[in-house]
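Residue numbers (the working numbering): 340 to 390.
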Amino acid sequence: ISPADFLCMLAALTKMSFKRYMTIIILTKPFTLVVYTYGLTYIIDFFWQML
């Protein structure tokens, strides 16, 4: 589960405005994309070195 999925669930269960939801997504999505990209690259490199 990604943070964006959690935020979607939170927005659906609360009275969060669409403006606030979009602000949070726009501010946090680039950070999570970078973390996932570098994390996946590190994991792939780690497994390739084991071969």
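Ideal Cβ positions, reconstructed from N, Cα and C, are used throughout, including at glycine.
Query, Result
"Three or more C-beta pairs below 8 Å linking the stretch 353-362 and the stretch 382-389", "no"
"Alpha carbon of Thr367 to alpha carbon of Met389, nearest angstrom", "33 Å"
"Cβ-Cβ separation, Ala343 to Thr371 (assumed contact under 8 Å), whole Å", "7 Å"
"Limits of the alpha helix (DSSP H) - the one that Thr353 falls within", "It is not in any alpha helix (DSSP H) - Thr353 carries neither H nor E in the DSSP assignment."
"Cα-Cα separation between Tyr377 and Pro369, rounded to whole angstroms", "12 Å"
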